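Just so you know, we're using this note's numbering here: the sequence shown kicks off at 740 and counts up by one.
Glycine is no exception: its CB is placed at the ideal position from the N, C-alpha and C atoms.
Bear in mind that the values here come from a model prediction, so they are computed numbers and not experimental data.
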Amino acid sequence: MILMIFTLVLMVGTGVSQYRNGLFSAVAMLIKVLIAGLVAFGFWEPIADFLDPVFQNNTLAGSEDMISMVVLFSLTLFVLRLLTNYLAPDMIDAHGVLQYFGGGGVGILTGYLVAGFLICAMQTLPLDDKFLGFEPRSNNEPAYRSVYPPDRVWLVMMRHAGAVPFSWKEEEQPAGDSLMERYVTFDRDGTFELRYRRYRRGMEGRPPVVYFGEFDKELGRQPNR
Numbered sequence: 740m741i742l743m744i745f746t747l748v749l750m751v752g753t754g755v756s757q758y759r760n761g762l763f764s765a766v767a768m769l770i771k772v773l774i775a776g777l778v779a780f781g782f783w784e785p786i787a788d789f790l791d792p793v794f795q796n797n798t799l800a801g802s803e804d805m806i807s808m809v810v811l812f813s814l815t816l817f818v819l820r821l822l823t824n825y826l827a828p829d830m831i832d833a834h835g836v837l838q839y840f841g842g843g844g845v846g847i848l849t850g851y852l853v854a855g856f857l858i859c860a861m862q863t864l865p866l867d868d869k870f871l872g873f874e875p876r877s878n879n880e881p882a883y884r885s886v887y888p889p890d891r892v893w894l895v896m897m898r899h900a901g902a903v904p905f906s907w908k909e910e911e912q913p914a915g916d917s918l919m920e921r922y923v924t925f926d927r928d929g930t931f932e933l934r935y936r937r938y939r940r941g942m943e944g945r946p947p948v949v950y951f952g953e954f955d956k957e958l959g960r961q962p963n964r
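This is the structure:
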């Protein structure tokens with residue numbers, strides 16, 4: 740419930756902010772958020788691995804992944820914001836309704852995606868499985884869970900981006916002919932949530948977790964019948 744409220748607050752806050760900035764600025768911010776997210780999800784893991792021994796035995800231990808994600812995202816967004824402010828410092832004229840309500844609508848979408856990014860980052864922390872009301876993947880989850888909170892929407896976007904618009908490297912042994920199977924991409928099998936539920940940093944002392952076949956597809960195993 741808390742994460743749902745957090746998402747709503749972020750959507751409303753971003754929508755109000757972009758309502759004031761206008762449509763062009765809102766669209767530019769949406770694009771910058773997407774680019775910053777791609778950079779963060781493309782490079783956070785090696786940085787987190789580098790920070791792992793640095794953060795051992797201190798209060799930041801276990802937060803390497805989230806810190807790497809958020810810092811990469813924030814720095815990229817900051818640089819892009821400086822660049823766009825330099826290239827287009829003034830608000831572009833448009834019809835009042837389109838300018839402001841269009842900007843507000845795009846801002847709500849931007850806030851939705853930023854919330855998805857942040858919830859994904861929080862899943863890497865050494866917290867309880869149901870931190871802040873988080874609902875882990877299950878067979879009896881409500882229908883809305885696939886889109887709200889928006890962490891799974893964000894993960895699908897990152898996976899699609901690596902396989903389609905930003906595909907650059909083919910698999911040595913592709914599993915099929917689809918773009919998702921032919922190209923190297925982020926979280927191809929959609930196991931990000933499951934992997935970090937099991938293997939978060941800082942959770943080494945946790946009791947063993949029962950295996951229910953969550954990674955059979957990724958491991959190339961046939962599901963139990």
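In its own chain, which residues sit with a C-beta less than 7 Å from the C-beta of residue 741, not counting the 5 before and 5 after it? Result list for residue 741: 871 and 872, in chain order.
Residues of its chain near residue 816, where Cβ-Cβ distance is below 6 Å and the 5 sequence neighbours each way are ignored: Leaving aside the five residues that flank residue 816 on each side, the residues in its chain whose CB is nearer than 6 Å to its CB run, in chain order, 771 and 775.
Counting C-beta neighbours from all protein chains within 10 Å, is the total for residue 938 16 or more, i.e. buried, or is it exposed? That one is exposed.
Taking the beta carbon of residue 831 as the centre, do at least 16 other beta carbons fall within 10 Å, making it buried, or is it exposed? Under this definition residue 831 is an exposed residue.
Would DSSP call residue 887 helix, strand or coil? The DSSP-derived three-state label of residue 887 is coil.
Over the uninterrupted alpha helix (DSSP H) stretch that includes residue 813, give me the two end residues. Unbroken alpha helix (DSSP H) run through residue 813: 803–826.
Where residue 759 and residue 842 are concerned, what is the direct C-alpha to C-alpha distance, given to the nearest angstrom? So the two alpha carbons sit approximately 8 Å from each other.
Three-state class that DSSP yields for residue 938 in the structure shown: Three-state result, residue 938: coil.
I need the DSSP call for residue 874, collapsed to helix, strand or coil. In the structure shown, the three-state DSSP call for residue 874 is coil.
Would you kindly work out how many angstroms separate the C-alpha atoms of residue 902 and residue 922, rounded to a whole number? The C-alpha of residue 922 is placed about 6 Å away from the C-alpha of residue 902.
What would DSSP say about residue 909, mapped onto helix, strand or coil? For residue 909, the secondary structure class from DSSP, reduced to helix, strand or coil, is strand.
If you drop the 5 nearest sequence neighbours on each side, which residues of the same chain put their C-beta closer than 6 Å to that of residue 766? 845.
How big is the Cα-Cα spacing for residue 852 and residue 915? Going by the C-alpha atoms only, they are around 30 Å apart.
If I follow the unbroken alpha helix (DSSP H) through residue 869, where does it start and stop? Taken as a continuous stretch (DSSP letters only), residue 869 belongs to no alpha helix (DSSP H), as it is neither H nor E.
Span of the alpha helix (DSSP H) around residue 759: Where residue 759 is concerned, the enclosing alpha helix (DSSP H) stretches over 741–760.
Report yes if the C-beta distance between residue 850 and residue 761 is below 9 Å; otherwise report no. Cβ atoms of residue 850 and residue 761: not closer than 9 Å.
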